[in-house]
C-alpha cells in the first residue's frame with residue numbers, strides 16, 4: 003500500500019486529537035486526545051520506517067535502514083507513559099481540591 | 007557524558023536521602039554537595055577526562071560550547087539552591103524530592119546541550135519538562151498551584167505532540183534523525199520532499215516557541231509562572247528557560263541555517279510579536295510576579311536574535327544573555343519570595359526599611375532593562391550585534407531598542423515604588439545571611455557588566 007494512505011490516516015487521527023484538545027472541557031478527555039496525537043505520530047513513524055526499510059531492501063539484502071524510527075516509537079511510548087503518570091496525578095490532585103475535572107476551572111488565575 | 011550520568015545518579019541518591027535523613031537542612035547540604043560534584047564531573051570532561059566510555063553512536067556530540075553551557079547551568083543551579091534552600095524546605099513534606107527533581111531536570115539539560123540526534127533532543131526536552139510539571143503543582147493544597155500545574159501539563163504535552171509530528175515529517179522527508187547527516191541539510195538534501203520537510207520544521211519551530219514561551223505561543227506563561235510556588239517560578243523562568251533556548255539555538259544553527267528568506271520572515275514575525283506582547287502587556291500588570299512573567303517573555307524576544315545566524319556573536323551573546331538574565335532574575339525572585347504580597351504597593355518605602363535589599367533589587371532591575379555597567383547591557387549589545395552581522399535590517403534592531411525603552415518603564419515603576427513612595431513595605435523579616443547571599447548575585451551582575459570577556463573566554467580554551 004502506498005505511503006500516502008498512511009500519511010492521510012495519521013494526519014486525520016492527529017487532527018482529531020488537536021480538535022479534541024481545543025474543544026473539550028473535561029480534563030481527562032483532553033488528556034486522551036493528547037495521547038491520540040502521540041499515537042498518530044507513532045503510527046506514522048512506523049509507516050515511514052517500513053517505507054525506508056523496504057526501499058533499502060531492494061539494493062541490499064541485510065540492511066537495517068529505517069529501523070531507527072521504530073526505536074523512536076518505543077521511546078515515545080516510554081515518555082507517554084511517564085507523562086500519563088504525572089498527568090493523572092495532577093488531575094487527581096485537582097479533583098481532590100475542586101471535585102471536578104472541568105478545565106473551565108482554569109480561568110481564575112487570569113484576574 | 008559525565009554530567010548526564012552523574013546527574014541521573016545524584017537524582018536517585020537524593021530520593022533516598024529523604025528516606026534516610028529527616029532533617030531538611032541536611033537535604034539542602036546533600037543537594038549542594040551533589041551539585042558541586044556535578045560541576046566537577048562536568049569540568050573533568052571539559053578537560054578531557056572521561057569516567058565512563060559508552061558508544062553512543064554519534065547521537066550525542068560534546069562540544070566546548072555545550073559543556074561550557076552545562077557548567078553555567080550547574081553553577082546557576084548551585085547558586086539558586088544555596089540562596090533558596092530554606093524556602094524550598096517550606097513547600098511540601100520532603101525537600102529532598104524537589105532536589106531529586108532538580109537533578110533530573112539538569113540531566114535533561116545536559117542532554118539538551120549535547121544532542122546530535124532528534125531522538126536525543128526529544129528525550130532531553132521530556133526529561134526537562136516532566137519534573138517541571140511536578141514542581142509547578144508541588145503546593146498541593148493551593149488551587150492556584152493546581153491550576154498552573156494542569157495548564158502547564160496540558161500545554162506541554164500538546165506541544166510535545168506537535169514537536170513529534172514535526173520530527174516525523176522531517177524523518178519522512180529525509181530518512182534520518184541524525185543532525186549531522188547530509189540528507190538533513192536543506193541545501194543538499196531538501197529537494198526531494200520540500201513540502202514535508204518545511205512542514206516538519208515549522209512544527210518543530212512552533213513547539214519550541216511553546217517551550218521558550220515566545221509569542222504567539224506564550225499564553226500559558228503568565229498563568230503558570232503566577233500560580234507556581236515562587237521559588238519554583240524562579241527556577242522555571244531562568245535555568246529551564248535558558249536550557250530550552252540553548253537547545254533551540256543549537257538545533258537551528260546546526261542544520262537549518264540554510265533555509266533562507268521564508269525562515270527569516272517567520273522568525274522575524276515571532277520575534278516582533280514576542281517583544282511586543284511581552285513588553286506592552288507587562289506595562290499593565292499590577293502584580294510584580296506577573297510583571298516578571300511578561301518581562302521574561304520580552305527577554306526571550308531578545309534571545310531569539312541569536313537564531314538568525316551561527317555567528318560568534320550569536321554564540322557568545324546567548325551565553326552572556328542566559329547568564330545575565332538568570333542571575334538577575336534569580337536575585338529578583340529571591341527578593342520577591344520575602345514579600346508578603348506581590349503587588350507594586352508592597353514595595354512602597356522598601357528603600358527606607360531595607361536599603362541594601364532595595365539597592366540590590368534596583369541593580370537586578372537595571373540589568374534586566376539593559377542599563378550599562380550591568381550584565382544585561384552587554385547581553386543585549388551582543389544579541390543586537392549578532393543580528394546585524396547576520397544581515398538583518400537595522401530597522402529590526404531599532405525596534406528592539408525601542409521595546410527595551412518600554413521595558414525601562416515597568417522596571418522603573420518598581421524602583422520608583424521603593425525609593426520615592428512613602429509607605430510600609432509588606433516584607434517579612436530578612437536575616438542578614440540571606441542579604442549577603444543576594445549580594446553575591448549583585449556582584450556577579452556587576453562582574454558580567456564590567457568584564458564580560460572573563461566569562462566568555464572559557465568558551466575557547
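Protein chains in written order, with the working numbering: chain A, 3 to 113; chain B, 7 to 467.
Glycine included, every Cβ here is placed at the ideal spot set by N, Cα and C.
Bear in mind that the values here come from a model prediction, so they are computed numbers and not experimental data.
Give me the chain A residues within the contact set of residue i, using Cβ-Cβ distance strictly less than 7 Å, ordered along the chain.
i              : result
residue 140(B) : 88
residue 143(B) : 92 and 95
residue 2(B)   : Here chain B covers residues 7 to 467 and nothing more, so residue 2(B) does not appear.
residue 347(B) : None at all; the shortest Cβ gap to chain A is about 15 Å.
Run through chain A and tell me which residues come within less than 9 Å of residue i, C-beta to C-beta.
i              : result
residue 78(B)  : Ordered by position in chain A, no residue passes the 9 Å Cβ test against residue 78(B), which lies about 27 Å from the chain.
residue 6(B)   : Any question about residue 6(B) goes unanswered here, given that chain B covers just 7 to 467.
residue 159(B) : 33, 85, 88, 89, 92 and 93
Where do the ends of the alpha helix (DSSP H) carrying residue i lie?
i              : result
residue 115(B) : 101-118
residue 432(B) : Neither: residue 432(B) is in no alpha helix (DSSP H) and is coded neither H nor E.
residue 79(B)  : 70-96
residue 439(B) : 438-456
residue 296(B) : 294-309
residue 386(B) : 381-395
residue 267(B) : 267-289
residue 1(B)   : Nothing can be reported for residue 1(B), as the shown portion of chain B is limited to 7 through 467.
residue 361(B) : 361-375
residue 257(B) : 247-260
residue 236(B) : 236-241
Helix, strand or coil for residue i, going by three-state DSSP, please let me know.
i              : result
residue 65(B)  : coil
residue 113(A) : Residue confidence is low: residue 113(A) scores 49 on pLDDT, short of 50, so the model does not pin down where it sits. Its coordinate-derived value is still stated next. In this structure, residue 113(A) counts as coil in the three-state DSSP scheme.
residue 28(A)  : strand
residue 4(A)   : coil
residue 53(B)  : coil
residue 204(B) : helix
residue 145(B) : coil
residue 349(B) : strand
residue 28(B)  : coil
residue 224(B) : coil
residue 66(A)  : coil
residue 354(B) : coil
residue 416(B) : helix
residue 60(A)  : coil
residue 378(B) : coil
residue 231(B) : helix
residue 140(B) : helix
residue 315(B) : coil
Determine, using beta carbons only, whether residue i and residue j come nearer to each other than 8 Å.
i              : j              : result
residue 392(B) : residue 320(B) : yes
residue 413(B) : residue 301(B) : yes
residue 65(A)  : residue 71(A)  : no
residue 171(B) : residue 33(A)  : no
residue 167(B) : residue 45(A)  : no
residue 376(B) : residue 386(B) : yes
residue 112(B) : residue 44(B)  : yes
residue 206(B) : residue 173(B) : yes
residue 53(B)  : residue 80(B)  : no
residue 82(B)  : residue 236(B) : no
residue 307(B) : residue 287(B) : no
residue 244(B) : residue 331(B) : yes
residue 430(B) : residue 340(B) : no
residue 183(B) : residue 336(B) : no
residue 465(B) : residue 325(B) : yes
residue 66(B)  : residue 104(B) : no
residue 122(B) : residue 56(B)  : no
residue 317(B) : residue 395(B) : yes
residue 181(B) : residue 106(B) : no
residue 251(B) : residue 454(B) : no
residue 139(B) : residue 115(B) : no
Taking C-beta pairs closer than 7 Å, name the residues in chain B that residue i reaches, listed in chain order.
i              : result
residue 104(A) : Under the 7 Å cutoff, chain B gives no residues; its nearest Cβ is about 11 Å from residue 104(A).
residue 54(A)  : 181
residue 71(A)  : 177
residue 22(A)  : Per Cβ cutoff of 7 Å: no residues; residue 22(A) is ~11 Å from chain B at best.
Residues of chain B with a CB under 9 Å from the CB of residue i: which are they?
i             : result
residue 99(A) : 146, 147, 148, 149 and 152
residue 40(A) : 163, 166, 167 and 170
residue 36(A) : 160, 163, 164, 166 and 167
Is residue i near the ligand SAM, in the sense that its beta carbon is under 7 Å from a heavy atom of that ligand?
i              : result
residue 315(B) : The ligand SAM is not part of the structure shown, which contains no ligands of any sort.
With DSSP as the reference, identify every bridge partner of residue i, one or two as the case may be.
i              : result
residue 184(B) : 123(B)
residue 104(A) : 28(A)
Which bits of chain B does residue i rub up against, with CB to CB less than 8 Å?
i             : result
residue 46(A) : 171, 174 and 178
residue 77(A) : 125, 128 and 129
For a contact defined as C-beta to C-beta under 8 Å, what are the partners of residue i on chain A?
i              : result
residue 433(B) : By Cβ distance, chain A contributes nothing, its closest Cβ being about 24 Å from residue 433(B), past 8 Å.
residue 10(B)  : Per Cβ cutoff of 8 Å: no residues; residue 10(B) is ~16 Å from chain A at best.
Comparing the C-beta of residue i with each C-beta of chain E, is any distance below 8 Å?
i             : result
residue 19(A) : Judged by its chain identifiers, the structure shown contains no chain E, and its protein chains are A and B.
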